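Numbering (our numbering), first residue to last: 2 to 158. Built from N, CA and C at the ideal position, the CB exists for glycine as well. Since we're looking at a predicted model, the values are computed, not measured.
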């Protein structure tokens, strides 16, 4: 199953989780400091909330979650065939998950689109042996591990 991903910046993660739990009638699939995601069955949606004070209500990025790496490859091949370029990120840790994905380049108006599959869960926002430079196509994260989600949320999923 594929589903659309919508990643939103929120000012207060607890307030946002309470609201979206009521709105969609389900609890988050994953919560971490400054981060929550919902795997909503109807409508098929992966809703990601990134605590980013002062940026609440703004779009962080968009994505399409697909069931496996073969599906990531198939979408990437189809888009390449249409002339769209992409940036590969394979076996990367981002947003508390190990993923295979790619980012679409040249998106009008600067929206960020990713196509990804989750390979495994992670206890860290990005890999401890990475700077975070690959995570969600952003630049290097700043700050300590305890501040990693908040400091990086503006640039990452």
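Neighbour-count burial assignment, residue 6, 16 or more Cβ in a 10 Å radius: It counts as buried.
Which two residues bound the contiguous alpha helix (DSSP H) that contains residue 87? No alpha helix (DSSP H) contains residue 87, which is instead part of the beta strand (DSSP E) from 87-95.
Nearest-angstrom beta carbon gap, residue 38 and residue 46 [assumed within contact, 8 Å]: In fact, because the Cβ distance is near 10 Å, the residues do not count as touching under 8 Å.
Residue range of the beta strand (DSSP E) that includes residue 40: Taken as a continuous stretch (DSSP letters only), the beta strand (DSSP E) holding residue 40 covers 36-41.
Looking at residue 124 and residue 103, is the spacing between their C-beta atoms short of 8 Å? Residue 124 is positioned such that its CB atom lies no closer than 8 Å to that of residue 103.
Go through its chain and collect everything with a Cβ distance to residue 36's Cβ below 8 Å, but skip five positions before and after it. Sequence-distant Cβ neighbours of residue 36 in its own chain, meaning closer than 8 Å and more than five residues away, are 14, 49, 50, 51, 52, 96, 97, 126, 150, 154.
Rounded C-beta distance between residue 88 and residue 106? I'm assuming under 8 Å. With a Cβ gap of about 6 Å, residue 88 and residue 106 count as contacting.
Extent of the continuous alpha helix (DSSP H) run through residue 73: Residue 73 -> alpha helix (DSSP H) spans 70-82.
Let's see if you can read the secondary structure: which residues bound the beta strand (DSSP E) around residue 21? In the DSSP annotation of this structure, residue 21 is not part of any beta strand (DSSP E); the continuous alpha helix (DSSP H) holding it starts and ends at 14-25.
How should residue 101 be labelled, buried or exposed, when 16 other C-beta atoms within 10 angstroms of its C-beta is the threshold for buried? Counting every other CB atom within 10 Å of its CB across the protein chains shown gives residue 101 a total of 16 or more, marking it as buried.
With 16 other CB atoms within 10 Å as the buried threshold, where does residue 118 fall? Around the beta carbon of residue 118, a 10 Å sphere encloses 16 or more other beta carbons of the protein chains shown; the residue is thus reported as buried.
Taking all protein chains shown into account, do 16 or more other C-beta atoms lie within 10 angstroms of the C-beta of residue 12, making it buried, or fewer, making it exposed? By the 10 Å Cβ count, residue 12 comes out exposed.
For residue 64, which three-state DSSP category applies? Strand, per DSSP.
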